[in-house]
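**Q** Mapping the sequence shown onto the working numbering, position 470 (from 1) lands on 512, and the numbers just tick up by one. The beta-carbon is built from N, C-alpha and C at its ideal position, and this holds for glycine as well.
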Amino acid sequence: MPDPIALVPLPRRVQWLPGEPVRVEHLIVGDSAAEVALGKLATERLRSVLPLTPRSEADPQATAGALVFRLTDAGEPGSYTVTAGEHGILVEAGDIAGLRHGLATVRQLFQPGTGTTSVPPVRIEDAPALGWRGLSLDIARHFFGPDELHTVIELLADHKYNVLHLHLSDDQGWRIDLPSHPELVDRSGKSAVDGDPGGYLTAAEYRELVAFAAARGITVVPEIDVPGHVNAALHAMPELTPTGEAPDVYTGIEVGFSKLTADLPATEPFLRDVFGDLADLTPGDYLHIGGDEVLTMEKSEYARLVDMAARAVRDAGKQVIGWQEIATVPLEPGTVVQYWEPKEDLSFFAEAARAGARFIMSPGSKAYLDMKYHEGFPLGLQWAGFVPLQVSYEWEPTALIDGVPAEAVLGVEAAVWTETLRTLDDLTTMLLPRLAAVAEVAWTPADRRDWDDFAQRIAALAPDWRARGLAFHPAEPVAWPEG
Ligand code: TNX
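#1: Consider the C-beta atom of Asp468 and the heavy atoms of the ligand TNX; say whether any pair is separated by less than 7 Å.
#2: In this structure, how does DSSP classify Glu287 when only helix, strand and coil are distinguished?
#3: Under 6 Å Cβ to Cβ from Glu281, same chain only, skipping five residues before and after it: list those, please.
#4: What residues match up with Lys301 in a beta bridge as DSSP calls it?
#5: Could you check if Arg65 is buried or exposed, using at least 16 other CB atoms within 10 Å of its CB as the buried criterion?
#6: For Asp467 versus Gly155, is the C-beta distance shorter than 8 Å?
#7: Who are the Cβ neighbours of Val429 in its own chain at under 6 Å, not counting the five residues just before and after it?
#8: Classify Glu296: buried if its beta carbon has 16 or more other beta carbons within 10 angstroms, exposed otherwise.
#9: Looking at the ligand TNX, does it come within less than 7 Å of Glu335, judged from the CB to the closest heavy atom?
#10: Mapping DSSP to helix, strand and coil, what is Arg175?
#11: Shorter than 7 Å, the distance from the beta carbon of Val56 to the closest heavy atom of the ligand MN, or not?
#12: On the criterion of 16 or more Cβ atoms from any shown chain inside 10 Å, does Glu447 qualify as buried, or is it exposed?
#13: Per DSSP, Met403 forms a beta bridge with which residues?
#14: So, with DSSP's three-state summary, where would you put Glu386?
#15: Which one of Leu388, Gly418, Ile363, Gln432 has the shortest CA to CA distance from Ala399?
#16: From Asp236, Gly241, Gly237, pick the residue whose C-alpha is nearest to that of Leu226; which is it?
#17: Measuring from the CB of Glu196, is there a heavy atom of the ligand TNX at a distance below 7 Å?
#18: Please say whether Tyr328 and Lys360 have beta carbons closer to each other than 8 Å?
#19: At which residues does the alpha helix (DSSP H) containing Trp507 begin and terminate?
#20: So is Ser211 buried or exposed if we call it buried at 16+ other beta carbons inside 10 Å?
#21: Can you tell me whether Ser434 is helix, strand or coil according to DSSP?
#22: Among Asp137, Phe152, Ala108, which one has its Cα closest to the Cα of Asp35?
#23: Can you tell me whether Tyr410 sits near the ligand TNX, meaning its C-beta is under 7 Å from at least one heavy atom of the ligand?
#24: Since Pro519 contacts Ala497 with CB under 8 Å, what's their CB separation in whole angstroms?
#25: Consult DSSP for Gln498 and reduce its assignment to one of helix, strand or coil.
#26: What are the residues that DSSP puts in a beta bridge with Trp216?
#27: Using a Cβ distance threshold of 8 Å, determine whether the region 174-184 contacts the region 137-150, with at least three qualifying pairs required.
#28: What's the gap between the Cα of His68 and the Cα of Thr85?
#29: Run through DSSP, which three-state label would Glu67 get?
#30: Quick check: does the Cβ of Leu423 come within less than 7 Å of any heavy atom belonging to the ligand TNX?
#31: Rounding to the nearest angstrom, what Cα-Cα distance links Glu436 and Met403 in this structure?
#32: Using 7 Å as the cut-off, classify the Cβ of Trp382 as near or not near the heavy atoms of the ligand TNX, replying yes or no.
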C-alpha cells in the first residue's frame, strides 16, 4: 500500500494495513507516576487534534476506541511499536522514552493542522539509530527566553530529539543567574549583538525549563564557553583580567579575541564556582565547557585552562563535553568531543578516539542551521557554505571522520547560532524544515534514508507548523502545500 501519511523521522518499519480509519475517544495509561505524567503530556500534545482526558489503569490493554500506552519489558532503549486497528491505537515500549517517541508518531499519524480526526490502520516498529540526538542553541548572541525555548523544545520532541544544548555565555552576554556570581547577569545579562535587548534565565527559570524539557524526553546540556568567548564574564568580573580592568561590553560578532588567564588567582575559583553551580542546577550527566576558537593563546595555557574547567566539571560529578579544539590537548578517557569545523587535518580526532574520547557530530557544512539556505537568504551566516535542505539531509554521522570508529560516535547535534537571529520567527525559519532533516539523519538508519522520499514526506508537516503559527522556510525543491 502507498504511504497515506508522512512520518518524519522515518520509522524502521511501517506496514499500512487494510481496514477502516481508526477513531479514539479515550486515553489510557499505566498508573506509575511516570506513566501518569505521560498521559498528561499526551493530552497536551494531542489537544489540537482531539480532546482526550487520560485515565490510569494498573495494566492497560488494547481497547477499541482507546489510545493506550503500555509499558512492556521488551525492547532496546527508546524503541516502541504503534498498532492502529479495530482494537484502537496501542503504543508499547520498554521505557518511557519509547512511549514518548510513540506519542510523537501518533501525533503525526493524526496529521495535525489538517482537521483529520482518525488514523489509518497501521503497524509501526521503530527504534533510534543513534542515542544522542541534539540541538545546540545559542541564547548568548541573542537571548531567547522560557516561552521561546518551550516552543523549541516541543519542536525537538516532535522529531524525537533528546538533547537541548544551551550555549549560555559568550562575548556578548551571560544568560544564567548563578548563585555564586550574581554580578555576571547583573553586569552582562542585558547586552546582546548589535545593542539589541539581552536577558537571562533566573536559576528558577532554568530549573523550570529543565523540568519542561525532561517531561518531553529532552535532557538539557548547559554550556559555559571557556577559556575563550568570555568577554561578558571579564566585563562583569574584572579580577579575571591581567590588568584588573573591565573590558567594554561587546556587541559585535567577531570571535576569538577574549580569554581567561591561567595564572590569575581568580581564574580557577571562577571555573569551580560556575561549573559547580551549573552542576547543582542540572540533573543531566553532562556539562559543556566550550573550548572553541581561542585564537590568541599559547597551547600550553589553553591546555591548562581546559584541564581546570574539565576538572571542575568532573569534581562536580558531571561528565565533560567540549568543542573539537579540546581534542588538541590531552583529555581524560570518556570526554565527549563535539565536531563542528571541517579542517584539512582532522588527525587529532583519531588520536582522541584512540585515547578513549567519544564524539558528537555537528559538521558546520551540514548541521549548522544558522548557515543560509542559499545565496542572498536574508538570515544567517555563510562561513561554512550554504546549507540547503538536501545538504542538511544527506550525510552519515558515523562515517564522517577517518579514524573515528562508529562505536565512538554518540550521535548528532544540529546547531543554531544567533548572531543574525533576533526573533522566534527568525529562529524557526532557520530550523524548519532543516531540523527535521537532521532528526532523520540521527534517528533513521542510513539504508532507510532517501532524499527524494524525504522531500515528499516533509511537505506534510507544513499544516501543523502553520496551525501553530511557526514560521518556516519553504525550502526547494519541496512541493509545499498551499497555506
Ligand atoms: C563558530 S561553532 C562558532 C560560534 C559562532 C558560529 C557561527 C563554534 C564552536 N564556534 O562562535 O557563533 O561559528 O556559525
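**A** This is what the structure holds:
#1: If you number the sequence shown from 1, residue 468 lands on position 426. For the ligand TNX, not one heavy atom lies less than 7 Å from the Cβ of Asp468.
#2: Along the sequence shown, one-based indexing puts residue 287 at 245. Here Glu287 sits in coil by DSSP.
#3: If you number the sequence shown from 1, residue 281 lands on position 239. The answer, listed in chain order, is Ala308.
#4: For this step, residue 301 is matched to residue 259 along the sequence shown. Answer is Gly270, bridged to Lys301.
#5: If you number the sequence shown from 1, residue 65 lands on position 23. Answer is exposed; the Cβ neighbour count stays below 16.
#6: Counting from one through the sequence shown, the residue named residue 467 turns up at place 425. Counting from one through the sequence shown, the residue named residue 155 turns up at place 113. In this structure, Gly155 does not lie closer than 8 Å to Asp467 by Cβ.
#7: Residue 429 sits at position 387 when you count from the first residue of the sequence shown. Excluding sequence neighbours, Val429 sits near Met413.
#8: Mapped onto the sequence shown, residue 296 falls at position 254. It is exposed - the Cβ of Glu296 has fewer than 16 other Cβ atoms within 10 Å.
#9: Position 293 of the sequence shown, counted from the first residue, corresponds to residue 335. Yes.
#10: Indexing the sequence shown from 1 puts residue 175 at position 133. Residue state, collapsed to three classes: strand.
#11: Of the ligands this structure carries, namely the ligand TNX, none is the ligand MN.
#12: Within the sequence shown, numbered from 1, the residue matching residue 447 stands at position 405. The question names Glu, but residue 447 in the sequence shown is Pro. It is exposed - the Cβ of Pro447 has fewer than 16 other Cβ atoms within 10 Å.
#13: Taking the sequence shown and counting its residues from 1, the one referred to as residue 403 is at position 361. Tyr381, Val454.
#14: One-based indexing of the sequence shown puts residue 386 at position 344. Coil at Glu386, not helix or strand.
#15: Residue 399 sits at position 357 when you count from the first residue of the sequence shown. Selected option, being the one with the closest Cα: Ile363.
#16: Here the question's residue 226 lines up with position 184 in the sequence shown. Checked all of Asp236, Gly241, Gly237; the closest Cα to Leu226 is Gly241.
#17: As a first step, residue 196 is located in the sequence shown; it is residue number 154 there, counting from the start. Incorrect: Glu196 has no Cβ contact closer than 7 Å to the ligand TNX.
#18: Reading the sequence shown from its first residue, position 318 is the one you call residue 360. Reading the sequence shown from its first residue, position 286 is the one you call residue 328. Going by C-beta atoms, Lys360 is nearer than 8 Å to Tyr328.
#19: Taking the sequence shown and counting its residues from 1, the one referred to as residue 507 is at position 465. Per DSSP, Trp507 belongs to the alpha helix (DSSP H) from 504-509.
#20: Against the sequence shown, residue 211 aligns to sequence position 169. Ser211 comes out buried.
#21: Taking the sequence shown and counting its residues from 1, the one referred to as residue 434 is at position 392. Helix.
#22: Since the displayed the chain opens at 43 and closes at 525, residue 35 lies outside it and no answer follows.
#23: By one-based count along the sequence shown, residue 410 stands at place 368. Tyr410 Cβ: within cutoff of the ligand TNX.
#24: Here residue 519 corresponds to residue number 477 of the sequence shown, with the count starting at 1. Here residue 497 corresponds to residue number 455 of the sequence shown, with the count starting at 1. Yes, Pro519 and Ala497 are in contact; Cβ-Cβ is about 6 Å, under 8 Å.
#25: Within the sequence shown, residue 498 is the residue found at index 456, counting from 1. Helix at Gln498.
#26: Here the question's residue 216 lines up with position 174 in the sequence shown. Looking at the DSSP assignment, Trp216 forms a beta bridge with Ser211.
#27: no
#28: Translated into positions along the sequence shown, residue 68 becomes position 26. Translated into positions along the sequence shown, residue 85 becomes position 43. Using only the alpha carbons, I get a separation of about 10 Å.
#29: In the sequence shown, counting from the first residue as 1, residue 67 sits at position 25. It is coil, neither helix nor strand.
#30: On the sequence shown, residue 423 is found 381 positions in, with the first residue counted as 1. Within the cutoff, so yes.
#31: The residue you call residue 436 lines up with position 394 of the sequence shown. The residue you call residue 403 lines up with position 361 of the sequence shown. Their backbone Cα atoms lie some 14 Å apart in a straight line.
#32: By one-based count along the sequence shown, residue 382 stands at place 340. The answer is yes for Trp382.
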